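Heads up, the sequence shown is in the UniProt record's numbering, so the first residue is 1 and it goes up one at a time.
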Amino acid sequence: MDTLGKQVVEDMTIEELRQHAVEITIDRERLHSDLKVSQDCKTVRDSADYNHTGEEFPIHLCAFGAQRFSSGRHYWEVDLAQENTPPKNYWLIGVMKDGNLTPRDRSALTPSAGFWFLCSDGPNGFHTNTDPSVKLSLTPRPERLGVLLNYDEGQLSFYNIKEKKHLLTISSRFSGSIVPLFNPGAGDLSPLKIMDGPNPVEQAESSQPLLSNNSADT
């Protein structure tokens, strides 16, 4: 069963999270044709000539991490706002079972199919892909998202780094190799940027414990 709930991970400081930081890059070989990625495989966004039609989140614009995990704790951060630009409205960040293809139908991206993520869908708000899907009230909108994968304990945790808040933890059971999952959405000014590891956060941000977002935990 896949659930949301408070976990001891919410009491970890940013410094403690960083002890599990790993270098994450985007797998260029599996990049969608309507995405463009930077030379260092850290920044991804929709192509300038991509014409997104309809109101549905462009679920097919997924990029995959080149790294694979089958045990242990692994942490990375994703920048969702450039300087002097508002935070991204559209993004999807999480993990998936290695080898899974991304279907065009959002309803097919379920934990039982090997997908676990948090999605920001513009005016439709934030939601997880747990069964059933859970809508969340996250204020303010994250500018930098921290992700902690605890493979052995079956936990995927998300953090608002600027606000020093634990947002939520998805509890599940992982098997096989797990890879990071990213989707930059379409139409935002800011790209999606994976921060460098193993030191993705300034030292000044490391000393204070993270706050719990009570509205997100059930």
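Note that beta-carbon positions come from the ideal geometry of N, C-alpha and C, so glycine has one too. As the structure is a computational prediction, the values presented were derived from the model and not from experiment.
Contacting residues, own chain, Cβ-Cβ under 8 Å from residue i (five flanking each side not counted)
i: Thr-25; result: Asp-40, Cys-41, Lys-42, Gly-65, Ala-66, Gln-67 and Ile-194
i: Asp-131; result: Asp-2, Thr-110, Pro-111 and Ser-112
CB contact flag (residue i, residue j, <7 Å)
i: Phe-174; j: Tyr-151; result: yes
i: Glu-77; j: Gly-146; result: yes
i: Arg-144; j: Asp-79; result: yes
i: Gly-94; j: Leu-181; result: yes
i: Ser-172; j: Pro-111; result: yes
i: Asn-100; j: Gly-114; result: yes
i: Leu-61; j: Asn-183; result: yes
Close beta carbons around residue i, own chain, < 6 Å, minus the five adjacent residues each side
i: Lys-135; result: Gly-125 and His-127
i: Gly-176; result: Lys-97
Rounded C-alpha distance that separates residue i from residue j
i: Glu-163; j: Asp-34; result: 32 Å
i: Lys-88; j: Leu-192; result: 8 Å
i: Val-44; j: Ser-38; result: 7 Å
i: Lys-97; j: Pro-86; result: 32 Å
i: Cys-119; j: Ser-133; result: 11 Å
i: Asp-196; j: Ile-178; result: 20 Å
i: residue 219; j: Glu-23; result: The structure shown does not extend to residue 219, since the chain is modelled only from 1 through 218, so no value can be given for it.
i: Thr-218; j: Gln-155; result: Any answer about Thr-218 is weak, because its pLDDT of 32 lies below 50 and its placement is not dependable; what the coordinates show is given next. Rounded to the nearest angstrom, the two C-alpha atoms are 15 Å apart.
i: Asn-84; j: Pro-140; result: 16 Å
Member of the options whose CA lies at the smallest distance from the CA of residue i
i: Asp-121; options: Asp-49, Gly-114 and Asp-188; result: Asp-188
i: Gln-82; options: Ser-47, Glu-153 and Pro-142; result: Pro-142
i: Tyr-90; options: Asp-46, Asp-27 and Leu-109; result: Asp-46
i: Pro-123; options: Phe-69, Glu-56, Asp-131 and Arg-28; result: Glu-56
i: residue 249; options: Ala-63, Glu-153 and Asp-131; result: The chain is shown only over 1 to 218; residue 249 falls outside these bounds and no answer can be derived.
Heavy atom of the ligand PLP within 6 Å of residue i beta-carbon
i: Pro-87; result: Although the ligand PLP was asked about, the structure shown includes no ligands whatsoever.
Contacting residues, own chain, Cβ-Cβ under 7 Å from residue i (five flanking each side not counted)
i: Pro-58; result: His-52, Gly-185 and Ala-186
i: Arg-28; result: Val-37 and Cys-41
i: His-20; result: Arg-73, His-74, Tyr-75 and Leu-148
Where are the beta strand (DSSP E) runs, 3 residues long or more, that stay fully inside the region 25 to 63, in chain order?
Segments of the beta strand (DSSP E) lying fully in the region 25 to 63: 35 to 37 and 43 to 46.
Whole runs of the beta strand (DSSP E) within the region 109 to 184, excluding any shorter than 3 residues
Scanning the region 109 to 184 from its first residue to its last, the whole beta strand (DSSP E) runs of 3-plus residues come out as 115 to 121, 126 to 128, 144 to 150, 155 to 160, 165 to 171 and 178 to 183.
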